[in-house]
Each structure stands twice: as C-alpha cells, then as structure tokens.
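If you use the numbering used here, the sequence shown corresponds to residues 674 to 895, in order.
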Amino acid sequence: MNAPPSATSQEPDPAFRPIEDAPGLPRVLLIGDSISIGYTLPVRALFRGSANIHRPPVNCSSTVEGLASIEEWLGAQRWDVIHFNFGLHDLKYVDAQGRMVAPDQGRQRVPLEAYARNLRTLVARLKKSGARLVWCATTPVPKGAHGRVAGSEGDYNRAAQKVMEENGVAVDDLHAFAAARLAEIQLPRNVHFTPSGSAQLAECVAASIRAALPATGKRAVR
C-alpha cells in the first residue's frame, strides 16, 4: 500500500496508543489496514463519553495476517461490537519476496477464492466472541495506485458480501460512501485519504457502529 501520509517510521501512529476504558461503556474493536488507522482517532473522538474504541496497535493488513493474529487482537476481553475489514492487502500484487510490485510483475497476495475462504474462517471465529459484527467494505482502488489494479476491489467486495450474507453480518458500505465523493477525499493515484477524507469516513463508520451498539448505550451483559 502506498505509505499513508501521516505515518513515519520513527514514531508509532497515535492511533496505536492504548486507551483506558471508561467503566460501563460499550467496548468496540476496529480491525483493519491503514485506511482504518486513518479513521481510528476521529471515530474515537465521535464516541468520547459513549463507547471505548480500541484497535490492534498494528496495520492488520491481509486475511493472512488476520488468521495469524486474530486471537491476539481479540485478547481475553469481551467486545460489544467488532468493525472489521480486510481487502487492500489481499488484492495487491507482490513478488516472490512479498514486496509490492506493479501488477505485471507479480501476483495477487491472496487470490479471490482464498480470500473468501479466509474470511469465512475469520467470521466464524469473530462470531464466537459474542460481539455484534460489522463488516466494512473495502474502499476504492483508483487509477495509478501502485501495486493494484483500479477497480479490483469490486470482485473482493462481492466475495465478502456473500460471506457476510451467509453469516448474517451487518455491512458498512464504506466503498459506496467513498466512491460518491472520491475526488474530494482521496489522495491522487493513491488508496489513502486526506485527513479530512478520513474524518468523513469516520462519520460513516461511526454510524454503522451506533446501529450495532446495544440500544441502552451500555455494555451488553453476556
């Protein structure tokens, strides 16, 4: 993935800093790549005083990393809502060493059939957590984005939609939200978004989380 504009190799992203739960409020886990890293802090701000918004302190990358790390990310805590995405790191093209390359110089990191299979396994595990699940559709790949084919997220989103329908998982169509205003919120020739764009994505993400939270706004008892 093209490097997100705010990331540096010298200091951890502020979105990775752990938070201390406010007692009695619902616990929400965001799982996703650098797109989700970009909207983590604005989502957290939108829920200040009403929900505890957590995320793993890493770029969650592809479904391969998801399968390897899901137990660590879930931990021993209970979650009320889990909002999750995988896709941009699955559909990207890599060489034999796993480095992102132009599409004509490599292969997709996770082919479509394997992506759907991995998602089914991940959803089965997430359902066991007892949390309400919200799948977040993968945002658009524009023309000129390095290591990806423009529009290739469509096939991956359709495969994911089928998995979510099979499992009764709610869908946050962040793809449609972003596509309707892409020139305004996305960086040119880049899958990432401007800070203002990430803040707009956060509004859409927050709406889907609110819809999934317990009606009382308090932590679910399980």
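Ideal placement from N, C-alpha and C gives every residue a C-beta, glycine not left out.
Taking the beta carbon of T681 as the centre, do at least 16 other beta carbons fall within 10 Å, making it buried, or is it exposed? Below a pLDDT of 50, predicted positions are generally treated as unreliable, and T681, at 47, falls in that range; the measurement from the model is reported next regardless. Under this definition T681 is an exposed residue.
Cβ pair T713, R700 closer than 8 Å: Between T713 and R700, the C-beta gap is not smaller than 8 Å, which leaves the two residues out of contact.
So the beta strand (DSSP E) N725 belongs to, where does it begin and stop? Residues 725 to 727.
State the DSSP-derived secondary structure class of V774, mapped to helix, strand or coil. Reduced to three states, the DSSP call for V774 is coil.
C-alpha gap between A810 and V774, whole angstroms: V774 has its alpha-carbon roughly 24 Å from the corresponding atom of A810.
Would you kindly work out how many angstroms separate the C-alpha atoms of Y788 and F720, rounded to a whole number? Between the alpha carbons of Y788 and F720 lies a distance of about 32 Å.
Apply the 10 Å Cβ neighbour rule to E838 and answer buried if 16 or more other Cβ atoms are within range, or exposed otherwise. It is exposed - the Cβ of E838 has fewer than 16 other Cβ atoms within 10 Å.
How many Å lie between W752 and E857 at the Cα? A direct Cα-to-Cα measurement between W752 and E857 gives close to 34 Å.
Can you check whether the CB of K800 is closer than 8 Å to the CB of H862? Here residue 862 turns out to be Arg, not His, going by the sequence shown. In this structure, the beta-carbon distance from R862 to K800 does not fall below 8 Å.
Given P730 as reference, the closest of G722, V737, S723, S742 once Cα atoms are compared: Considering only alpha carbons, the answer is S742.
If we count Cβ pairs, one from each stretch, closer than 8 Å, do we get three or more for the region 827 to 836 versus the region 865 to 882? Verdict: no, contact absent.
CA-to-CA distance, L698 to S723, given in whole angstroms: Between S723 and L698, the C-alpha separation is close to 6 Å.
Own chain residues within Cβ distance below 8 Å of P685, not counting five before or after: Within the same chain, Cβ atoms closer than 8 Å to the Cβ of P685 are found at P730, the five residues on either side in sequence being excluded.
Report, in whole angstroms, the separation of the C-beta atoms of N725 and D694, which I expect to be a contact under 8 Å. Approximately 5 Å separates the beta-carbon atoms of N725 and D694; this is inside 8 Å, confirming the contact.
D846 lies in the beta strand (DSSP E); which residues open and close that run? From DSSP, D846 is part of no beta strand (DSSP E); its letter is neither H nor E.
For H756, the three-state DSSP class (helix, strand or coil): H756: strand per DSSP, three-state reduction.
Once DSSP output is grouped into helix, strand and coil, what is the label at F689? Residue state, collapsed to three classes: helix.
Hey, how far is the Cα of R717 from the Cα of A769? Cα-Cα distance, rounded: 38 Å.
8 Å Cβ cutoff met for V807 and H756: A contact, by the Cβ cut-off of 8 Å.
Looking at the secondary structure, which residues open and close the beta strand (DSSP E) in which L698 lies? That residue, L698, is in no beta strand (DSSP E); it is neither H nor E in DSSP.
What number of angstroms, rounded off, separates the C-alpha of A818 from the C-alpha of P715? The straight-line gap from Cα to Cα measures roughly 25 Å.
Go through the region 704 to 744 residue by residue and report every complete run of the alpha helix (DSSP H) that reaches 4 residues or more, in order. As far as the region 704 to 744 is concerned, its whole alpha helix (DSSP H) runs of at least 4 residues are 707 to 719.
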